[in-house]
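One structure is given below, encoded as structure tokens.
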Amino acid sequence: MQSTQSPSTPKRTDFTPFVLVGVVLVLAILAWRRGGFPLAIEGLRQGGLALWNVVPLLVAAFLVAGFIPVLVTPEVVRRWLGASAGWRGILLGCVGGALMPGGPYVYYPIAAVLLHNGASLGVLVAFVTAKNLWSLSRLPLEFVLLGPYLTVVRFVATLLLPPLLGVLAEALFGGRVEKIREAMTI
Numbered sequence: 064m065q066s067t068q069s070p071s072t073p074k075r076t077d078f079t080p081f082v083l084v085g086v087v088l089v090l091a092i093l094a095w096r097r098g099g100f101p102l103a104i105e106g107l108r109q110g111g112l113a114l115w116n117v118v119p120l121l122v123a124a125f126l127v128a129g130f131i132p133v134l135v136t137p138e139v140v141r142r143w144l145g146a147s148a149g150w151r152g153i154l155l156g157c158v159g160g161a162l163m164p165g166g167p168y169v170y171y172p173i174a175a176v177l178l179h180n181g182a183s184l185g186v187l188v189a190f191v192t193a194k195n196l197w198s199l200s201r202l203p204l205e206f207v208l209l210g211p212y213l214t215v216v217r218f219v220a221t222l223l224l225p226p227l228l229g230v231l232a233e234a235l236f237g238g239r240v241e242k243i244r245e246a247m248t249i
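Just add 63 to wherever you are in the sequence shown, counting from 1, and you've got the working numbering.
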């Protein structure tokens with residue numbers, strides 16, 4: 064995938080990995096001080112197990128994100144999900160978010176690729192918000208654990224939020240979408 068930055072623009076350093084490594088070191092030191100070497104190793108082991116369980120989903124999500132620009136041209140993304148798509152694009156973002164399986168490691172790479180390839184900021188906000196509020200893959204579990212009444216109340220109470228937040232994001236920040244794209248790390 065090509066970067067939107069011009070060759071003369073210096074790439075900004077992303078300090079997030081350094082911050083996370085710093086947090087890991089602090090936590091490892093705290094674990095070592097609390098329970099010695101065995102507790103620190105146990106923390107690393109549990110983190111490794113969590114990583115092992117998530118790797119297949121991460122790989123699949125990034126492969127899907129890689130196929131999107133290959134199979135769907137930026138022109139198609141702009142036509143259906145760009146700023147000119149208006150309400151249609153925002154509603155498609157809402158439906159896509161509601162239907163998207165998996166956690167943030169699945170939908171954020173896809174959202175990033177869509178934004179990079181021309182989707183509007185409003186569509187992406189609607190997509191991510193709908194994923195978090197309307198996730199159809201989560202509804203059956205919510206129905207069983209919280210009961211039908213609370214599930215319906217929660218769903219109805221949040222029904223208008225994804226499209227409204229998409230419209231609001233587009234109205235307030237849509238003009239800055241190119242700067243947002245330039246700051247992306249993909």
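Ideal Cβ placement from N, Cα and C applies to all residues, glycine included.
Sub-8 Å separation of V188 and G229 beta-carbons: yes
Ends of the alpha helix (DSSP H) at L224? 224-236
Could you check the C-alpha separation between A161 and R201 for me, to the nearest Å? 10 Å
Quick check: L144 and A182, are their CB atoms within less than 8 Å of each other? yes
Unbroken alpha helix (DSSP H) run spanning R141, endpoints: 137-144
Span of the alpha helix (DSSP H) holding F218? 211-221
Please report the distance separating the alpha-carbon of Y146 from that of V191. According to the sequence displayed, residue 146 carries Ala and not Tyr. The straight-line gap from Cα to Cα measures roughly 17 Å.
Hey, L196 and A232 are a contact pair by Cβ (cut 8 Å); roughly how many whole angstroms apart? At roughly 15 Å, the Cβ-Cβ gap does not stay under 8 Å, so L196 and A232 are not in contact.
Helix, strand or coil: how does DSSP classify R151 here? helix
Take I249 and list the residues in its own chain whose beta-carbon comes closer than 6 Å to its own, dropping the five residues that flank it on each side. A175, H179
Would you report the Cα separation of R96 and V117, rounded to the nearest angstrom? 29 Å
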